[in-house]
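J.: Numbering of the sequence shown is given in my numbering, commencing with residue 35 and proceeding in unit increments. Mind having a look at this structure? Questions to follow.
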Amino acid sequence: MKRSLFLVVLFLPLCSMAQTSPGVAPKVWQAFENEISGDNSFDLIRHLTLYHSPNGSNDDFEAQARWVADKARSYGLADVTVFWLGGTGRPWNVQSGEAWIVDPEAAKLGDTLESPLRVAVNSRSTDMTAELIDVGSGTRESDYHGKEVKGKIVLAGDNAHAVHALAVWKFGAAGVIAYAPQRPYFPDQAALSSVPYRSDDGKDGTFAFILTQREGDGLHARLEESARAGKTMRVRVNIRTSFNEPRQGITEAWIRGTNPRNDDIVLTARMQEE
Numbered sequence: 035m036k037r038s039l040f041l042v043v044l045f046l047p048l049c050s051m052a053q054t055s056p057g058v059a060p061k062v063w064q065a066f067e068n069e070i071s072g073d074n075s076f077d078l079i080r081h082l083t084l085y086h087s088p089n090g091s092n093d094d095f096e097a098q099a100r101w102v103a104d105k106a107r108s109y110g111l112a113d114v115t116v117f118w119l120g121g122t123g124r125p126w127n128v129q130s131g132e133a134w135i136v137d138p139e140a141a142k143l144g145d146t147l148e149s150p151l152r153v154a155v156n157s158r159s160t161d162m163t164a165e166l167i168d169v170g171s172g173t174r175e176s177d178y179h180g181k182e183v184k185g186k187i188v189l190a191g192d193n194a195h196a197v198h199a200l201a202v203w204k205f206g207a208a209g210v211i212a213y214a215p216q217r218p219y220f221p222d223q224a225a226l227s228s229v230p231y232r233s234d235d236g237k238d239g240t241f242a243f244i245l246t247q248r249e250g251d252g253l254h255a256r257l258e259e260s261a262r263a264g265k266t267m268r269v270r271v272n273i274r275t276s277f278n279e280p281r282q283g284i285t286e287a288w289i290r291g292t293n294p295r296n297d298d299i300v301l302t303a304r305m306q307e308e
């Protein structure tokens, strides 16, 4: 009897089946080759990347698990089931998010319609307009010397998680706009980022909006230009998010073997994350 988790059955075509093995009969390889489609595998992966499920069983993960189950049924796999287990952490959802410069000139910074990665994981809902303060990397206390950031939004060129801990919890900033310049060869790529859910002393996290390196460098230059002209830059950040109760889902499907006395073969793969 053979047991299989569906995803791996789908993605085995990514392996090279043109080769043969002395331990496998040629007719078995031929049977594999008759069923393999690299185009189909690519199309399935492309669809799965539409789901944003960075930290467990959020709404997109649950939709993804149901979609995989439907696909398994359409391919004729047996006893397809989605079942749920207890989990840890807080599955997080982003419904929408956008950021704009409102002063001195209106300009859009980004939107989750372009990519859900615009909003850092664990960000709380907010709709606020505040002055934008450049704090350099934002990961050292010296980055904040001589700058009043309390109640304001900081622009930081480093990891949003580390910046948030200092800017928000220590110096009282309302939130973060971050860009991490660790990927110079991919300046138009927004990185998957997060902010802390809650501090050790019970403070909730707020939010971080994520820019690409090119966008961050451009905003940094505009902020410097505004400062030289004696103008204050203000931005509006509007984010809607929610948290689910902790749980973890598994999609299971079977390919029944011909001899029930044989051992089961278990194939597994993860659906979580992009």
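Note that beta-carbon positions come from the ideal geometry of N, C-alpha and C, so glycine has one too.
#1: DSSP state of Ile299, grouped into three classes?
#2: Ignore the nearest five residues each way along the sequence and tell me which others in Val128's own chain have a CB closer than 8 Å to its CB.
#3: Just mark Lys352 as buried or exposed, buried being the case when its beta carbon has 16 or more other beta carbons within 10 Å.
#4: Is the CB of Trp288 under 8 Å away from at least one CB in chain C?
#5: Using 8 Å as the cut-off, can you tell me whether the stretch 258-271 makes contact with the stretch 133-143, which would need three or more C-beta pairs spanning the two stretches below that distance?
#6: Secondary structure at Phe95, three-state DSSP: helix, strand or coil?
#7: Would you give the residue range spanned by the beta strand (DSSP E) that Asp161 belongs to?
#8: Is the distance from the Cβ of Trp118 to the Cβ of Asn89 below 8 Å?
#9: At the level of alpha carbons, what is the spacing between Arg248 and Gly209?
#10: What residues in its chain sit with their C-beta under 6 Å from that of Ser130, if we drop five residues either side in the sequence?
#11: Considering only residues of the same chain and omitting the five flanking positions on each side of Gly206, which have a CB-CB separation below 6 Å?
#12: Please classify Thr240 as buried or exposed, where buried requires at least 16 neighbouring CB atoms within 10 angstroms.
#13: Smallest Cα separation from Met226: which of Ser233, Gly236 and Pro215?
#14: Quick one: what does DSSP say Asp21 is sitting in, helix, strand or coil?
#15: Per the DSSP calculation, Asp222 is bridged to which residue(s)?
T.: In short:
#1: coil
#2: His86, Thr146, Pro150, Val153, Ser157, Ile273, Arg274 and Thr275
#3: A query on residue 352 cannot be resolved here, the shown segment of the chain reaching from 35 to 308 and no further.
#4: Absence of chain C from the displayed structure is noted, only one protein chain being present.
#5: yes
#6: helix
#7: First-last of the beta strand (DSSP E) with Asp161: Thr160 to Asp168.
#8: No, they are not a contact pair.
#9: 21 Å
#10: Thr146 and Arg274
#11: Lys184
#12: buried
#13: Looking at the sequence itself, residue 226 is Leu, so the reference to Met does not match. With distances taken between Cα atoms, Leu226 lies closest to Pro215.
#14: As displayed, the chain neither begins before 35 nor continues past 308, which places residue 21 out of reach and without an answer.
#15: DSSP, once it has assigned bridges, lists no residue as partnering Asp222.
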